[in-house]
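Protein sequences appear in the order of chains E and Y. The numbering used here applies: residue 1 is where the first sequence begins, and numbers increase by one. The numbering used here applies: residue 254 is where the second sequence begins, and numbers increase by one. Everything on this sheet refers to the single structure shown next.
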Amino acid sequence: MTAVRTALVTGAASGLGALAARRLAAAGWDVVAVDLDTGGLAETARRSPNTHVRVCDVGDAEAVNALVAGVGPVHRVVHAAAIGPLVPALEQPLEDVENVLRTDFLGTVHVVRATMPGMLERGGGELVLFSSLASLLPVPKTSAYAAAKAAVNVYAEALAAEHAGSGVVIRCVCPRQVDTPGFRAAAADDPAATGRMRGVPPGLVLDAVDRSLARPARDLYVFPDPLTRVVALARRWAPGTVRRLVGQVTSSR
Amino acid sequence: MPAPPGAHPIQGDRVVLPVEIRDAAVASAMFPVPAAAAQAVIAYSGLEVVRPLPGRAVCSLAFVRYADGDLGPYHEFAVAFLVRPPDGPPDSPPDGPPRKVGAFIHWLPVNQAFTLEAGRTIWGFPKEMADIRMDLASRTKRCLVRVDGRTALELHVRPGVPVPSGRGAPSVDAYSCMDGVTRRTPWTLSPGGVRMRPGGALLKLGDHPVAHELRGLGLDRTRALSVSTVDRLRMTFQEAAEVRT
């Protein structure tokens, strides 16, 4: 038998994180499933003896350090924990903005700082960091979330540049809307803000991540589906057209 | 507290039937095999292989990733033969349609202990512990089964073309035979994201008693009838009933 590998999955109580944790558990990984939602975590770990649940706020650096110290070597990180309230920029309480930045951006920093040194020491590992297409294409009511995810992108780019050739593979995954419980709730609440789009199935996003891990390490960004790829390209080469289109689909009438 | 009817104690937990699988992904291949040799392989069950063409039976190989279901997350590989429903009671309801072709599960390695115990005790499925690696994200789906550190077999399934999943949930009977007892398990499947093509399988057989049996059927030299992949499969498994053969 090959040695058991350990994966740390954040945001593992629902959506992308939960599915990532289950697929890794199915594949025989030891999975450390992290979230704040104990009920959701228990559901993810149900009848999975190789899934271990940990309640932890990724926005709390000390808690993340303590968690990772107790886990032992982590071979893959799937960092999916994030929050994304839909609020107009000037109406969003500052505390709320800080909270989004702490969870979405600093959460990523905390997880990377706790796990990457061990990977560098061992000369290998995989860091899958979830960003969002919103980081390249901010739309109304996503200012704090998009800003935090854009920060994740540049942080991942700098990190990848600093550690090129180290054996640690970094992926910055930028999906468009993903069909998760969180997205469904947001879309039901505010169809205009989510562009009246149907989310892409989470399994498809994770398939794209799996395929990306087989590509050369320098291939940092993962745009999981064709529509996401087209929008990301169009945003670069035809920003005016994209702005007009986004304005149309996100207008409330 | 006594277990309610249809509840089975497994590893300190209770599995209640029907067992539901909410999210699985599958790749499979069907091979034509010599009927007499196939019949000899499954003779222990008392069942009879279906012969869709004279002298030919059908052997089906499949690999499944269970992501969300009542038996937890795990990988599975299945070796099955299409069989005739056995005659005699308990069998077709007198006014119902005749029972359809069934799938006799000959070998069913899995990689997790919970499903291993549940499968063997609840339905008599021939589950065995194995190391099962899968790539279901690429266009060609791949699976490698290793038992006790030795390769048993490796199956590659090439991409097909999308086909309609059909309405409703087709129901099949799964047959198993453990410790001399043959059982029938009613089984429903609702697939989504189905692709098929003729041929399209590559099978490498290694060193395992079942691999030797499949080699004896000429499976490593036979072109598959067809292959299929299912992105999202929901299934239910009912209580097994003993069949007299």
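For each residue, glycine too, the CB sits at the ideal point set by N, CA and C.
**Asked** Around the Cβ of A185 (chain E), are there at least 16 other Cβ atoms within 10 angstroms (buried) or fewer (exposed)?
**Response** exposed
Could you list which residues in chain Y have their beta carbon closer than 7 Å to that of A26 (chain E), in chain order? R318, Y319, A320, P326, Y327 and H328
TODO: Please go through the same chain and pick out, in chain order, the residues whose beta-carbon is closer than 6 Å to the beta-carbon of R76 (chain E), but skip the five residues on each side of it.
DONE: A7 and E126
Discussion item. When you compare the CB of D210 (chain E) with every CB in chain Y, is at least one pair closer than 8 Å?
Written reply: yes
**Prompt:** L207 (chain E) lies in the beta strand (DSSP E); which residues open and close that run?
**Reply:** First, the amino acid is wrong: residue 207 (chain E) is Asp here, not Leu. It is not in any beta strand (DSSP E) - D207 (chain E) instead sits in the alpha helix (DSSP H) that spans P202 to L213.
Quiz item: Considering V463 (chain Y), what are the terminal residues of the alpha helix (DSSP H) in which it resides?
Solution: P462 to G469
**OP:** Could you tell me the boundaries of the beta strand (DSSP E) in which W440 (chain Y) lies?
**Re:** V434 to P451
Practice problem: Identify the contact partners of R171 (chain E) in chain Y, using a Cβ-Cβ distance below 7 Å as the criterion. | Solution: Correct list: empty, because the minimum Cβ distance to chain Y is about 13 Å.
Own chain, CB closer than 8 Å to L24 (chain E), minus 5 neighbours either side, in chain order | A7, V9, V31, R76 and V78
> With burial defined as no fewer than 16 other Cβ atoms inside 10 Å of the residue's Cβ, what is the status of G377 (chain Y): buried or exposed?
Replying inline: buried
Starting from T404 (chain Y), trace the beta strand (DSSP E) both ways and give me its first and last residue.
R403 to V410
task: Express the C-alpha separation of R309 (chain Y) and V480 (chain Y) in angstroms, rounding to a whole number.
output: 18 Å
A270 (chain E) versus T38 (chain E): straight-line alpha-carbon distance, rounded: In the structure as shown, chain E starts at 1 and stops at 253, and residue 270 (chain E) therefore has no counterpart that could be examined.
Candidates E:Q248, E:R5, E:C174 and E:A232, of which the one nearest R196 (chain E) by Cα: E:Q248
>> Here's the rule I'm using: 16 or more other beta-carbon atoms within 10 Å means buried, otherwise exposed. How should L94 (chain E) be labelled?
In response: exposed
- Query: Along the segment 33-55 of chain E, what residues have a CB closer than 7 Å to any CB found in chain Y?
  - Reply: Cβ contacts with chain Y: R46, R47, S48 and P49.
**OP:** List the whole-angstrom C-beta distance separating D96 (chain E) from P88 (chain E), where the pair is believed to meet the contact cut-off of C-beta under 8 Å.
**Re:** With 8 Å as the limit, D96 (chain E) and P88 (chain E) do not qualify as a contact, their Cβ atoms being about 12 Å apart.
Review point. Expressed to the nearest angstrom, what Euclidean distance is found between the alpha-carbon atoms of A232 (chain E) and T438 (chain Y)?
Key: The straight-line gap separating the alpha-carbon atoms of A232 (chain E) and T438 (chain Y) is approximately 49 Å.
query: How long is the line joining the alpha carbons of A371 (chain Y) and G124 (chain E), rounded to whole angstroms?
result: 37 Å
Open item on the list: Please report the straight-line C-alpha distance between L90 (chain E) and P140 (chain E), rounded to a whole angstrom.
Closed with: Computed Cα separation, rounded: 11 Å.
Note to self: One question on the structure: do G459 (chain Y) and R403 (chain Y) come within less than 8 Å of each other, judged by their Cβ atoms?
What the structure shows: In this structure, G459 (chain Y) places its C-beta atom within 8 Å of the C-beta atom of R403 (chain Y).
Practice prompt. Taking only beta carbons into account, state which residues of the segment 214-228 of chain E come closer than 9 Å to chain Y, listed in chain order.
Written response: Listed by position along the chain: A214.
inquiry  = Please confirm whether L8 (chain E) has its beta-carbon closer than 8 Å to some beta-carbon of chain Y.
reply    = no
Next item on the list: Indicate whether at least one CB of chain E lies closer than 8 Å to the CB of D426 (chain Y).
Entry: no
*Nearest to T228 (chain E) by alpha carbon, out of E:G182, E:A147, E:L136 and E:A150?*
E:L136
- [ ] Find out if the Cβ-Cβ distance for the pair V58 (chain E), H110 (chain E) is shorter than 8 Å.
- [x] Cβ distance < 8 Å, so V58 (chain E) and H110 (chain E) count as in contact.
Point to revise | As assigned by DSSP and simplified to three states, the class of P338 (chain Y) | key: If DSSP states are grouped into helix, strand and coil, P338 (chain Y) belongs with coil.
Next on the checklist: Can you pull out the residues from the segment 375-395 of chain Y whose beta carbon lies closer than 8 Å to at least one beta carbon of chain E?
Outcome noted: D384, I385, R386, M387, D388, L389, A390 and S391
Q: Could you name the residues of the same chain whose beta carbon sits closer than 7 Å to that of P342 (chain Y), not counting the 5 residues immediately before and after it, in chain order?
A: Any reading at P342 (chain Y) must be qualified, since the residue scores a pLDDT of 45, below 50, and its modelled position is unreliable; the value itself is stated next. Closer than 7 Å at Cβ, skipping near neighbours: no residue.
Collapsed DSSP secondary structure at P226 (chain E) in the structure displayed:
helix
Residue nearest to D199 (chain Y) in terms of C-alpha spacing, selected from Y:L478, Y:T368, Y:Q264 and Y:I358
What is shown of chain Y runs 254 to 498, which leaves residue 199 (chain Y) out entirely.
| query | For I83 (chain E), which residues from the same chain have a beta carbon less than 8 Å from its beta carbon, with the 5 sequence-adjacent residues on both sides left out? | reply | N99, V100, T103, D104 and Y145
Only counting the same chain, and skipping five residues up and downstream in sequence, which positions put a Cβ closer than 7 Å to that of G349 (chain Y)? Below a pLDDT of 50, predicted positions are generally treated as unreliable, and G349 (chain Y), at 49, falls in that range; the measurement from the model is reported next regardless. If we look at G349 (chain Y) and ignore the five residues flanking it on each side, it has no Cβ neighbours.
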